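Beneath this line is the structure, given in structure tokens, with notes to follow.
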Ligand code: G6Q
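In the working numbering, the protein residues as written are -4 to 547.
What follows is the structure, encoded as structure tokens:
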């Protein structure tokens, strides 16, 4: 089936949710906890060793039932099947969406465009394994015979954010003797700062670009090649120091990279869903292929859960539906991602692309304009640092900001009492957000201290009251390892999909990034050639003139 086109607002469930919202909205979370001693048990989910506590959300069991009815009416189960079976659900690009095939270890074949996708995937995985073994054994030698010690991923967007975030997240699993770097921004500073740390004799560049036409990546790849050839001199040496990850094997060959050093993937892998494919080679270079495979297996376990579990107990489904609840009924415009694990500090940035590029859309599947809100802004940073910056607004600001708090039970760096302190903050923040602090409690605290006048107390009370009733979801797992990280990321991918199905939009294209690219190409010509025709608004012309006047 193709995805059906149907406005969620026209479902029976939506009407019921609107009425239900009016009943739930005035309720304080502490009231909901007081009313039901079993609330945590009823509203938390277990997936393997992972715990998803939804109970500090502004929902009741009825809310979840109604949201699940909405998903049923929007035919989510059929959509999930279309995803896994390789139907062309990325309709505006006429492509299947099969990142799940990249981590499918089940034996069955999966035909896409008359090819067995699973066989193709396994061939490339074998090629990646062989590459990693050579790299880590020191058998892959540079042009002067020295083994490689530095690997640099050059890519941007989906060919950068995932690999960089995972390499950072799994740093405690990193192989000895290999350091992994990332260059992405076309700002020359990015390349300059990385290259100055490197030795051309022992550096290998991974050029990661699905299309191999992305201007930023090609510019950085050419800069890296120039830097390398300045030392190595002979173009023949390029093949020992450059490999490519791409669907465009022709352009790769033209760049000078040998076919045996080209790792393929396919149109049915979207950029922001591609870290599981050859695009993950920098990850596998950092942690070894076996650990990379463990990450794939964690994702596969979440895929199975998503495909096989009834909607009401299905983690990505409920996570996606909660986002609908807050966005479309509470009117929340942002959502914070708050990892209490320093290794996950890049997760908010990765999820920004995943969710905002997928679901930041205004056209419905039939091309009309949506009449309801879609993706909220995703933002966040690691705790506890973020507590000392923007948490003030989450606690006492005028917006309600649903938050995902994420933490491992055990640290990968158990030092003294650090982890106990970290987790004390993790538990305390969600409790404080939920409960708040009433005026009576504030006054009682002042009274207990007994060192202030009534006038001073009255002046301070309004500032020290916390409304509470601020929603959060807590995600915990035993330890951050490749398997768990794979499951966590797959969960967020599927949550993204669920939201797109409910919002009746296409989640797998990104036409919104094209306009700026087109204009940049034209402006670049004008900046290089004084005689090129130019026709901009007065602001853009004024800015360009300022630049031209002062450039050196
Ligand atoms: C992701 C987007 C985008 C893409 C980059 C890099 O879903 O499509 O972020 O990954 O533009 O594209 P290339 O891999 O083709 O260089």
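Glycine included, every Cβ here is placed at the ideal spot set by N, Cα and C.
Quick caveat: nothing in here was measured; it's all calculated off a predicted structure.
Return yes when the Cβ of residue j is within less than 8 Å of the Cβ of residue i, no when it is not.
i, j, result
"residue 78", "residue 12", "no"
"residue 274", "residue 212", "no"
"residue 254", "residue 248", "yes"
"residue 297", "residue 29", "no"
"residue 345", "residue 49", "no"
"residue 74", "residue 500", "no"
"residue 65", "residue 14", "no"
"residue 319", "residue 67", "no"
"residue 335", "residue 401", "yes"
"residue 405", "residue 474", "yes"
"residue 237", "residue 220", "yes"
"residue 81", "residue 112", "yes"
"residue 40", "residue 310", "yes"
"residue 375", "residue 443", "no"
"residue 284", "residue 477", "no"
"residue 489", "residue 268", "no"
"residue 276", "residue 160", "no"
"residue 359", "residue 0", "yes"
"residue 427", "residue 461", "yes"
"residue 241", "residue 204", "yes"
"residue 138", "residue 196", "yes"
"residue 99", "residue 295", "yes"
I'd like the span of the alpha helix (DSSP H) that includes residue i, first residue to last.
i, result
"residue 374", "Per DSSP, residue 374 belongs to no alpha helix (DSSP H); it is in the beta strand (DSSP E), 372 to 375."
"residue 383", "Residue 383 -> no alpha helix (DSSP H), and no H or E assigned at all."
"residue 343", "342 to 346"
"residue 417", "413 to 430"
"residue 360", "Here residue 360 belongs to no alpha helix (DSSP H), and DSSP marks it neither H nor E."
"residue 2", "It is not in any alpha helix (DSSP H) - residue 2 carries neither H nor E in the DSSP assignment."
"residue 184", "183 to 190"
"residue 434", "434 to 444"
Could you give the first and the last residue of the continuous beta strand (DSSP E) run that contains residue i?
i, result
"residue 176", "174 to 178"
"residue 500", "Taken as a continuous stretch (DSSP letters only), residue 500 belongs to no beta strand (DSSP E), as it is neither H nor E."
"residue 46", "45 to 48"
"residue 470", "467 to 474"
"residue 198", "198 to 203"
Which word fits residue i, buried or exposed, when buried means at least 16 other C-beta atoms lie within 10 angstroms of its C-beta?
i, result
"residue 210", "exposed"
"residue 300", "buried"
"residue 541", "exposed"
"residue 423", "exposed"
"residue 361", "exposed"
"residue 87", "exposed"
"residue 416", "exposed"
"residue 278", "buried"
"residue 506", "exposed"
"residue 534", "exposed"
"residue 510", "exposed"
"residue 354", "buried"
"residue 545", "exposed"
"residue 513", "exposed"
"residue 85", "buried"
"residue 456", "exposed"
"residue 532", "exposed"
"residue 191", "exposed"
"residue 151", "buried"
Give the DSSP-derived three-state secondary structure of residue i in the structure shown.
i, result
"residue 565", "Because the chain here runs from -4 to 547, residue 565 falls outside it and cannot be looked at."
"residue 35", "helix"
"residue 460", "coil"
"residue 19", "helix"
"residue 64", "helix"
"residue 155", "coil"
"residue 543", "helix"
"residue 298", "helix"
"residue 28", "helix"
"residue 306", "helix"
"residue 162", "helix"
"residue 400", "strand"
"residue 337", "helix"
"residue 449", "helix"
"residue 42", "strand"
"residue 332", "strand"
Measuring only from the beta carbon, is residue i closer than 7 Å to any heavy atom that is part of the ligand GDP?
i, result
"residue 172", "This structure lacks the ligand GDP; its bound ligands are the ligand G6Q."
For chain B, check one thing: does any of its Cβ atoms lie closer than 8 Å to the Cβ of residue i?
i, result
"residue 326", "Chain labels in this structure do not include chain B; a single protein chain is all it has."
- Task: Only counting runs of 4 or more residues, tell me where the alpha helix (DSSP H) segments fall wholly within the stretch 68 to 153, in order along the chain.
- Result: Counting whole runs of 4 or more residues, the stretch 68 to 153 contains the alpha helix (DSSP H) stretches 71 to 79 and 112 to 132.
- Query: Along the chain, which unbroken stretches of the beta strand (DSSP E) at least 3 residues long are found entirely within the stretch 209 to 288?
  - Reply: Correct list: 237 to 241 and 257 to 259.
- Item | Continuous alpha helix (DSSP H) assignments of at least 4 residues falling wholly in the stretch 511 to 541 | For the stretch 511 to 541, not a single whole alpha helix (DSSP H) run of length 4 or above is found.
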